[in-house]
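Read the structure below first, then the notes.
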Amino acid sequence: MYYGKRGDDGISTPETIVSLKNLTKTFPTADGAGFTALKDISLDIKRGEIFGIIGMSGAGKSTLVRCINYLERPTSGTVLFQGKDLSQLSMPELYNLRQSIGMIFQQFNLLMQRTALQNVCFPLEIAGVEKKERIRRAEELLELVGLADKRDSYPSQLSGGQCQRVAIARALATNPQVLLCDEATSALDPSTTRGVLALIREINEKLGITVIIITHEMAVIEEICHKVAIIDEGRIAEYGPVSDIFTHPKSDAAKRLVLPQGERTDEFMGGRRCRIVFDGRSAFEPVISNLVLEFRHPINILYANTKEIDGKAVGQMIIALPEDDRLAERMLGSLHTQGLSVEEVTGNV
Amino acid sequence: MFDAVVAKMIGNGILETLYMTLTSTLIAYIIGLPLGVVLVVTDKDGIRPIKWINSVLNVIVNILRSIPFLILMMFVTPLTRAIIGTSLGPTATIVPLVIGSAPFIARLVESSIKEIDRGVIEAAQSMGAMPMQIIWKVLLPEARPSILVGSAIAVTTILSYSAMAGIIGGRGLGDIAIRYGYHRYDNGIMFVTVALLVVIVQVLQEVGMMIARKNDKRKK
């Protein structure tokens, strides 16, 4: 079975598990014009991937994820799940199919009047699993998410992170092929978020479940996703492996997400700046020192950080280029010849 | 003034009032609870929107809710006679009490169910739950504490309606208060019946609230 380990692309062609073709969704509005939340979305999600969908709030990503299990019916276009066209299914067939797609939510959406164990039992009751088997399976899942000791606690007695773990156990109860995560970590603090993301990755690697993550936080995408689609005003602005988008963002929406925000200093706004991305090979080479020595001109570093993306250390740095255009061009040329990913950045970055 | 006859009359009055109130509440819930569920489920934002059923039920509920109980009670007298055989006495009073309170209960149940977070219902739908499964496994259990609070309110409202039924010979404490306290200016009996009504309302209210609290798992 294909487990979607990072960097496996091209070695084998895993089967497409979810395929969206020219999806459009329009909501009726009072004036009759209609609000188009999704415009001509096409995506292929492969079995075993952790696929991120990122966008600002209101970009349509929540609508998009609800189209995957037909909680929202698209206005036009097709959703294929394991090759089956969802629009062709009868209601009972659709109810059945939804048991192969688990879903977790920002607000956890646990049943408040049920214990953790009973919450995990819930989808099994719906699927008609016998009681003894339900409890056995629910206990096993609570064990998997590390909450075996909380089986008899009610959601009101659990922390946010624990609630989301119960929700994950519940989503996994019916052995789904796909796990949809709708802003699953947005209500959690950073350290709890990391714990929940680590659990999602573990589920992906151990159980081979395809994960589709909806988020507005680039950090979530960088932390666990293999591929990402950037959705902007209802359209897909860009999509591909996370490392590609991080190194070479093409669309404005991608640049907004990838480039550092809120950390700029206004006095540098006037000059020319360039963004250098270091991959695993070059991250430890003294690129800037070499540049200073070569051109004998001071270089102002406006921003720098290092991240782990797709298992590789990747750094980015924004430097101010000298006022002298010829010198600036020569510096850019030198950086390019070192095989670094360099691009000039302009505007409100 | 409080001889054995009066005491026995008041004792019977208490029993009749409790009989009318509790039986009517029970029957009114048998009608009002499913009605409330159907109102929520068939609503345009509900799990199974059916516009015509929703509109028809809303109109019926609104009409019944807008008739003052005193008038409704007299208005349904022919129906009461047809069902019970008489329009007098506690059993006959149950008919207008149920008709008057079932729509009110339907609204209480409706608002209790609407308190449930939409996300929880969506989560159930994402697991492939069918509308009937959502009603039985999500809507009713999750709204249970709130429905119980509603029933404490309903039972006291029905008790006050039952006192009104004294005017048309419904018996119970209300009847005694009207006949002796009001028409015969017997302030002693008036005072005692009012005090008893207050006590019964308090007891029913407290018991209802206590059961509701015990059933709610949302608090730690």
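Taken in sequence, the protein lines are chains W and V.
For the first sequence, the numbering used here gives the first residue as 1350, with consecutive numbering after it.
For the second sequence, the numbering used here gives the first residue as 251, with consecutive numbering after it.
By construction, the Cβ of each residue, glycine as well, lies at the ideal position given by its N, Cα and C atoms.
The stretch 1414-1432 of chain W makes no contact with the stretch 1589-1599 of chain W, as fewer than three CB pairs between them are under 8 Å.
In this structure, W:A1518 sits near W:L1493, with a CB-CB distance shorter than 9 Å. Legend: CB atoms of the stretch 353-369 of chain V lying less than 8 Å from CB atoms of chain W belong to residues D367 and G369.
DSSP lists no bridge partner for V:F441.
The C-alpha of W:I1562 lies about 5 Å from the C-alpha of W:C1530. Sixteen is the threshold: when 16 or more other Cβ atoms of the shown chains lie within 10 Å of the Cβ of W:A1516, as they do, the residue is buried. Taking C-beta atoms under 8 Å as the contact rule, W:V1694 and W:L1556 fail to qualify, at a distance of about 41 Å.
Only exposed fits W:F1376, as fewer than 16 other CB atoms lie within 10 angstroms of its CB.
The residue from V:L398, V:M440, V:Y430 and V:V290 with its alpha-carbon nearest to that of V:Y279 is V:L398. If you draw a straight line from the Cα of V:G420 to the Cα of V:A342, it comes to about 7 Å. Every alpha helix (DSSP H) of 4 residues or more that sits fully in the stretch 1562-1645 of chain W is shown, in chain order, as 1567-1573, 1591-1596, 1601-1607 and 1636-1644.
In this structure, the CA atom of W:E1634 is about 19 Å from the CA atom of W:I1658. Residue state for W:Y1652 is assigned as strand, using DSSP reduced to three classes. When secondary structure is reduced to three states using DSSP, W:E1489 falls in the helix class.
DSSP places W:I1366 outside any alpha helix (DSSP H); the residue lies instead in the beta strand (DSSP E), whose first and last residues are T1365 to F1376. From the listed residues W:R1584, W:S1683, W:E1489 and W:V1569, the smallest Cα separation to W:K1374 is found for W:R1584. Sequence-distant partners of W:A1487 (beyond 5 residues in either direction) whose C-beta falls short of 6 Å from its own C-beta, in its chain, are L1466, V1469 and C1470. The C-beta of W:E1474 comes closer than 9 Å to at least one C-beta of chain V.
Assigned with DSSP and collapsed to three states, V:M460 falls in helix. With a 10 Å radius around the Cβ and a threshold of 16 neighbouring Cβ atoms, W:M1440 comes out exposed. Interface with chain V (9 Å Cβ-Cβ cutoff): W:F1400 is excluded. In this structure, W:R1447 is the residue among W:G1510, W:A1578, W:S1425 and W:R1447 with its C-alpha nearest to the C-alpha of W:A1522. By the CB criterion at 9 Å, W:K1370 and W:L1443 fall outside the cutoff.
A straight line joining the alpha-carbon of V:H433 with that of V:E456 spans about 33 Å. Residues of the stretch 391-410 of chain V with a C-beta less than 8 Å from any C-beta of chain W: P391, E392, R394 and P395, listed in chain order. At a cut-off of 9 Å between beta carbons, W:N1458 contacts chain V. For W:Q1513 against W:L1537, the beta-carbon gap comes to about 7 Å, under 8 Å, which counts as contact. The beta carbon of V:M380 falls within 9 Å of a beta carbon belonging to chain W, placing the residue at that interface.
Within chain V, the residues E372, Q375 and S376 have their CB atoms less than 8 Å from the CB of W:L1420, given in chain order. Counting every other CB atom within 10 Å of its CB across the protein chains shown gives V:Y411 a total of 16 or more, marking it as buried. Taken through DSSP and simplified to helix, strand or coil, V:K467 comes out as coil. Within the DSSP bridge table, the entry for W:M1452 names W:L1529 as partners.
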